[in-house]
Amino acid sequence: MAEVSTPWRVTVLTLFPDMFPGPLGVSLAGKALATGLWALEARDIRDSATDKHRSVDDTPAGGGPGMVLRADILAAAIDAAAIAPDRPRLLMSPRGRPLTQSRVTELAAGPGPLIVCGRFEGVDERVITARALEEASIGDYVLSGGEIAAMVLIEACVRLLPGVMGKPVSGEEESFADGLLEYPQYTRPQEFEGLPIPEILTSGDHAKVAAWRRAEAEALTKARRPDLWAKISGQKPPKGTTKG
Numbered sequence: 045m046a047e048v049s050t051p052w053r054v055t056v057l058t059l060f061p062d063m064f065p066g067p068l069g070v071s072l073a074g075k076a077l078a079t080g081l082w083a084l085e086a087r088d089i090r091d092s093a094t095d096k097h098r099s100v101d102d103t104p105a106g107g108g109p110g111m112v113l114r115a116d117i118l119a120a121a122i123d124a125a126a127i128a129p130d131r132p133r134l135l136m137s138p139r140g141r142p143l144t145q146s147r148v149t150e151l152a153a154g155p156g157p158l159i160v161c162g163r164f165e166g167v168d169e170r171v172i173t174a175r176a177l178e179e180a181s182i183g184d185y186v187l188s189g190g191e192i193a194a195m196v197l198i199e200a201c202v203r204l205l206p207g208v209m210g211k212p213v214s215g216e217e218e219s220f221a222d223g224l225l226e227y228p229q230y231t232r233p234q235e236f237e238g239l240p241i242p243e244i245l246t247s248g249d250h251a252k253v254a255a256w257r258r259a260e261a262e263a264l265t266k267a268r269r270p271d272l273w274a275k276i277s278g279q280k281p282p283k284g285t286t287k288g
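Our numbering puts the first residue of the sequence shown at 45, with every later residue one more than the last.
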């Protein structure tokens, strides 16, 4: 059965479908989901199991601790989702390519991905190859499963969809939008515990405000993310630099 066409949709394959929509059901993402700006389908991988116990994993070949998601079961779950061929197929994995704002923008501009949430010690390598799964990572650390990571990716995409954020410009001046971290933000009161709002921000001079924000963004990026600054400036990051 062919999938129903919607503006942007995401299909999640997981052992815990009840985790969704979770936090995606509130705030901007939740309102957009309720009004049909995007669609979410959480599918249980166990529905593709073939035994009475609905087993999906087995011991790792070559020995070792833990269990591994079976290639045949996961492949069957992917096939049963019957997604359109133009939709990306992602696997949330700490060994995947780091998720960036540019990749999020690409995903948000497309039809929406299928996302596989791994568990246990991982998934059989053969299904990654056979079903052309793109491995994506949200950071250099390990979670118990891919569900939380999938929510991070989905939320990052959904907020970029047309009609989700109140003002499109809100997304144009955020961290990573132009390769820099975002400049500091201030609002009322004029003074807080002896700390005033920088005078230039209340000057009414839009050109000076823009220049100040750019300078602050560059200073923050240099100090906190020398790896990002190196990409922008063409300089080599200091030895031992890691992503924050």
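Each residue gets a CB set at the ideal place from its N, CA and C atoms; glycine is no exception.
query, result
"Sequence-distant residues of its chain with Cβ nearer than 7 Å to Met249 (five each side left out)", "First, the residue type needs correcting, since residue 249 is Asp and not Met in the sequence shown. Nothing meets the Cβ criterion."
"The segment 188 to 197 touching the segment 145 to 163, judged by at least three CB pairs closer than 8 Å", "yes"
"Every unbroken alpha helix (DSSP H) inside the segment 59 to 142 [4 residues or more]", "71 to 78 and 115 to 125"
"Three or more C-beta pairs below 8 Å linking the segment 82 to 96 and the segment 117 to 125", "yes"
"Buried or exposed (CB count within 10 angstroms, at least 16 for buried), Leu197", "buried"
"6 Å CB neighbourhood of Pro242 in its chain, flanking five on each side removed", "none"
"Opening and closing residue of the alpha helix (DSSP H) in which Glu191 lies", "Glu191 to Val202"
"C-beta contact flag for Val112 and Gly166 at 7 Å", "yes"
"Alpha carbon of Pro12 to alpha carbon of Ser219, nearest angstrom", "Nothing about residue 12 can be reported from this structure: the residues present for the chain run from 45 to 288 only."
"Alpha-carbon spacing of Val125 relative to Arg133, whole angstroms", "For clarity, residue 125 is Ala in the given sequence; the question names Val instead. If I take the Cα positions, the gap works out to 11 Å."
"Nearest residue (CA-CA) to Leu81, options Gly107, Arg98 and Val54", "Val54"
"Reduced DSSP secondary structure (H/G/I, E/B, other) of Pro270", "helix"
"Straight-line Cα distance separating Arg232 from Leu245", "12 Å"
"Beta-carbon proximity of Leu72 to Arg203, cut-off 7 Å", "yes"
"Contact check, Lys266 vs Trp273, beta carbons under 7 Å", "yes"
"For Leu151, the first and last residue of its enclosing alpha helix (DSSP H)", "Gln145 to Ala153"
"DSSP three-state assignment for Glu237, whether helix, strand or coil", "coil"
"Burial state of Thr207, where buried means 16 or more other Cβ atoms lie within 10 Å", "Rather than Thr, the amino acid found at residue 207 in this sequence is Gly. By the 10 Å Cβ count, Gly207 comes out exposed."
"Arg258 (DSSP reduced to helix, strand or coil)", "helix"
"Spatial distance of Thr149 from Lys96 (CA atoms)", "42 Å"
"Beta strand (DSSP E) segment containing Glu169, residue limits", "Element bounds for Glu169: not the beta strand (DSSP E) but the alpha helix (DSSP H), Glu169 to Ala174."
"8 Å contact criterion, which Leu84 and Pro61 should meet: CB distance rounded", "Actually they do not touch by this definition, with Cβ atoms about 10 Å apart."
"When Lys252, Arg131, Leu225 and Tyr185 are compared against Val56, the one with the closest alpha-carbon", "Arg131"
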